[in-house]
Amino acid sequence: MTTDISQADGAASPADSGQQTPPFRYDADMAGRIERKWQDVWEQAETFHAPNPGEPGSERPKVYLMDMFPYPSGSGLHVGHPLGFIGTDVLGRYLRMTGHNVLHPMGFDAFGLPAEQYAVQTGTHPRATTEANIARYRAQLRQLGLAHDPRRSVATTDIEFYRWTQWIFREIFEAFYDTDAGRARPITELRAEFEAGTRAVPDGRAWSSLDEPARREVIDGHRLAYISEAPVNWCPGLGTVLANEEVTADGRSERGNYPVFRRSLKQWKMRITAYADRLADDLDRVDWPESVKAMQRNWIGRSEGAQVRFRTAGGAEIEVFTTRPDTLFGATYMVLAPEHPLVEKIAPTAWPDGVDERWTGGAATPSDAVAAYRTAAGRKSELDRQENKDKTGVFTGAYATNPVNGEQIPVFVADYVLMGYGTGAIMAVPAEDPRDWDFATAFGLPIIRTVDPGENWDGGAFTGVGPMINSANDEISLNGLGVTEAKRAIIDWLAARGAGDAVVQYKLRDWLFSRQRYWGEPFPIVWDEHGPIALPEDQLPVVLPDVDDYAPRAYDPADANTEPEPPLGRAVDWVSVELDLGEGPKTYRRETNTMPQWAGSCWYYLRYLDPENSDRFVSREAEKYWIGKDTARSAQDPGGVDLYVGGVEHAVLHLLYSRFWHKILFDLGHVSSEEPFHKLFNQGYIQAFAYTDTRGLYVPAEEVTEGEDGGFTWNGEPVTREYGKMGKSLKNVVTPDEMCDRYGADTFRLYEMYTGPMEASRPWSTRDVVGPQRFLQRVWRNLVDENSGEIRVSDDEPDETTLRALHKAIAGVHQDLPALHYNTAAAKLIELNNHLTKSGGQVSRPVAESLVLMLAPLAPHIAEELWQKLGHDETLAYAPFPVADERYLVADTVEYPIQVNGKVRSRITVAADAGQDEVKAAALADEKIVAELGGAEPRKVIVVPGRLVNVVK
RNA sequence: GCCCUCGUAGCCCAACGGCAGAGGCAGGCCCCUUAAAAGGGUCACAGUGUGGGUUCGAGUCCCACCGAGGGCACCA
């Protein structure tokens, strides 16, 4: 079937290597020839095509392995990118050899800013750039020998792919969240309920009294994808709005680092908040790193508490959210956020008599004070608010009544209360909240302790637990209760009086889903005079039109008072469209926003399962087979990809969004699984040193030398070393292409897997790559004559020590590979090979074959070549992985170290099957131990079978 | 400020609570070589960030501190 190119071409190769190098040495050239050969063989033989259910091979237990797909950037891959890909590949190859049907696909997250920005600069269509980059990535990945199923490679920019992205959007648009049922349902069912009168219109109007536009407005207000006029993150520098997740803590864009402003704009949103509970709760059902779960929980930010209503003297009601309703007796003032709508309504015309001067901000009237404060707060950037935690604020002039004790408490406006969280208003309890304590101290407000901090407490606000005090009125007393009971009691009391209810609050906001960009999925939406309408399924895909100018209108990055203007708006012929959507031909206006980059990655793992399907985004059978719930795993198993490997940087964004979409698809009955990713693994990063000269400019890292004093120089000049990312601008990029040229892909793979455990970040060190290369060279030399290229194994039985070394290695590797401990697996193979090298002579065939098979997941090309040389016609990709024979794992005799008080003092050798008493007796009879004890009886003797003996004096 | 990781030889990293070293890099010496090395062999190098505690026994478990990396940050 295949030719043996290492021999055919081998004879020609020595001319270009050193004169004395044997002609069949495993060097970079040889490796390159072997690797290209096997990559072609695998492709032609369709070795890694994974069968779908019903196809031959699908009866084997399935495993779905996936990497987070890359964005195909113009600069290509550097050595850091494939770390996870190789790790997944090694596991996949191991699992194939242990009888599994392994699906390991790869695709491209190809919509995004860089291609668009390049298009803006050069006029090149983003599709041209994107496809060229994808081709480059494919070639780079292919040369690494990754066992992907090539039929299943998808790109989010493929029209056949984004057709289904639009279809899913459509499903989301055509659904609402039924809070009673706790799941999404089709919007048609909502309409039917309104029509039948089984569901009340939220504002109490009768459905029959509404005209069609009004009805549509009610319906649109329930959709999971909806338009809202709400404060959003507007980034004039990018000319687009951004999701909360895309804005950094200091109020700038994650991409480009431009200022971001809060502006009220009409935008598309997705109702992810409806799923807040399920997104938080179901984290308990997936096998993810605790750190990632913690980040998601933190982002969702569920907190349980109460809403409490305070009546003001003017009759207005201020509703607050608090997690500590138990401390209500200690509420001595209230605070509204500067943007709170009640601020101006409650402010009276004049200050009350004797108002504290600190409260007025020096203004003549409450309205002046409030207006001035609001203006000042609005001018402050997020960064200012964050960095300056000194409490500022001003009295509104109004008082509200504390419902538990009738106290009149002053209402302030202060920017330490945020409009975006809870109700934008708080009851302030300085005794139990440090922020309120600071404010109360600054403004001279009373502080009443309601939780007993204990005698030794001399600090400020007490947030710990303790018995309640000072908390009683005529009807209820919380005094003496613990926090939990006090909360329950006061909520019941408030609820009975109509002054409050138990509520749950979330930090999570609805997901801003529209962007003013060209290079993204168009919405499958058209507008008529009343609002948005989803295009019927049969009119998908909505293909991106060609435009002359790819740029959104960008502005002075600092000018907040600008409006987003999407590039698709300029495709006037496309925007205006005549359609018959059931009311006869009519002109509609297309939606000109595009979807954010996250859209495609929300569901790509489903498309891999059935990439050619033109009837459905994925067939039910394929979805069930590959990611369906596995009750054998656990009763509550939510299903999902068996292993998803990628960087921790997606902990919140991508992983939360795709969970959200998956749950909608589940609710609507389109998938059987409830979670997209069953097990998540975060690989570490390959990092690199970078060097700057005295002017602070980066110099080529490759050319820097280390002096004996530990200092670094470049061209004789001293340079300073930094450690961090690999990047073009840092002049420290190393590419896999270079490594394949200089050492071969197998060496490169082994190096990446060997330098540390998968989850660990570590520095790149080109210098160290020779280690794995030497190892492969030695394996080759042990099995192949470097002068003739002939295999040289013996048919003699292996000796006892070799068998022991072999089976010890098998047992170890068998354990390490599925646990992703590739570094220790490789070490065990090196150890075994070192043993073979030292033994000298020819390696016996069964030992050679086992070694080659065990090497195959890590270094597949050289393993295939050796396997073929050993006389096998078939690929080893599905050959059975060696199994250790217990006989060679147990020794006849065991050496026990003998400790006296935990320190090793002697050693004895006893038969492996010796009982504990025998071992103990032998230990105590040892002359060194007898001397140590000096005739005294040991207090205690601990025998750990097979391990050691510890004598306690 | 809070939360999560992680500190073992010059470097990268191993070590079910049981003899601190599996492996690699770099280094020394020897062999091969006219010479060289990405060839072969061999040798040395740490007591596990610091201080306590639990234990017969701690790199491993607990507490505090120091250092590095990451996440969150006026979220009521």
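Residue numbering for the first sequence is 761 to 1713, as defined by this note's numbering.
Here a beta-carbon is modelled for each residue, glycine too, at the ideal position from N, C-alpha and C.
This one's a predicted model, so the numbers in the text were calculated from it and none came from an experiment.
Item, Value
"At least 3 beta-carbon pairs within less than 8 Å: the region 1528-1543 vs the region 866-877", "no"
"Coil, strand or helix - V1493 by DSSP", "coil"
"Candidates M1499, Y1458, I1293, K1488: closest to R1481 by CA position", "Y1458"
"Assigned secondary structure, D1676 (DSSP; H/G/I helix, E/B strand, else coil)", "In the sequence on display, residue 1676 carries Gln and not Asp. Three-state result, Q1676: helix."
"Cβ contact (3+ pairs, closer than 8 Å) linking the region 1287-1304 and the region 905-923", "yes"
"Alpha helix (DSSP H) runs contained entirely in the region 1086-1123, provided each spans 4 or more residues", "1102-1106, 1117-1120"
"Option nearest G1600 by Cα separation, candidates S1554, W1627, H1567, P1620", "S1554"
"Closest residue to I1208 among S1231, L1630, G1549, T916 (Cα-Cα distance)", "S1231"
"4-residue-minimum alpha helix (DSSP H) runs that sit fully inside the region 1393-1449, ordered along the chain", "1413-1427"
"Cα-Cα separation between E1281 and M1355, rounded to whole angstroms", "5 Å"
"Three-pair Cβ contact test at 8 Å for the region 799-812 versus the region 907-919", "yes"
"Residue from I846, E1192, I1446 with nearest C-alpha to N1220", "First, the amino acid is wrong: residue 1220 is Gly here, not Asn. G1220 has its Cα closest to that of E1192, out of I846, E1192, I1446."
"Q1659 - containing beta strand (DSSP E), residue span", "1653-1660"
"P1296 to W927 span [Cα, whole Å]", "9 Å"
"CA-to-CA distance, S1610 to T1635, given in whole angstroms", "15 Å"
"Span separating the alpha-carbon of P1523 from that of A1448", "5 Å"
"I1446 beta carbon less than 7 Å from that of L843", "yes"
"Terminal residues of the beta strand (DSSP E) in which T1480 lies", "1477-1484"
"6 Å Cβ shell around T1584 - same chain, five flanking residues per side excluded", "D1576"
"Counted within 10 angstroms of its Cβ, other Cβ atoms place N812 as buried (16 or more) or exposed", "buried"
"Ordered list of beta strand (DSSP E) runs contained in the region 972-997, each at least 3 residues", "985-995"
"Endpoints, the beta strand (DSSP E) within which P1345 is located", "1345-1350"
"Euclidean distance between Cα positions of A1256 and A935", "36 Å"
"Cβ-based neighbour list, R1367, same chain, cut-off 7 Å, excluding 5 preceding and 5 following", "V914, F921, W924, F1377, V1378"
"CA-to-CA distance, L901 to Q1602, given in whole angstroms", "36 Å"
"Limits of the unbroken beta strand (DSSP E) element including L825", "822-827"
"K1713, buried or exposed, once every other Cβ within 10 Å from all chains shown has been counted against 16", "exposed"
"Contact between the region 1260-1279 and the region 1333-1348 (3+ Cβ pairs under 8 Å)", "no"
"In DSSP terms, what F1472 is bridged to", "E1466, V1479"
"W1253: first and last residue of the uninterrupted beta strand (DSSP E) it sits in", "W1253 -> not in any beta strand (DSSP E); alpha helix (DSSP H) instead, spanning 1243-1256."
"Backbone CA spacing between H1290 and P1436 [nearest angstrom]", "36 Å"
"Enclosing beta strand (DSSP E) for G1157 [first to last residue]", "1154-1161"
"V839 beta carbon less than 7 Å from that of Y1582", "no"
"Start-to-end residues for the beta strand (DSSP E) that takes in V1027", "Before going further, note that residue 1027 is Gln rather than Val in the sequence given. Its beta strand (DSSP E) spans residues 1021-1030."
"Residue nearest to Q1299 in terms of C-alpha spacing, selected from P1312, D1309, F1283, A1359", "F1283"
"For M1228, three-class secondary structure by DSSP", "strand"
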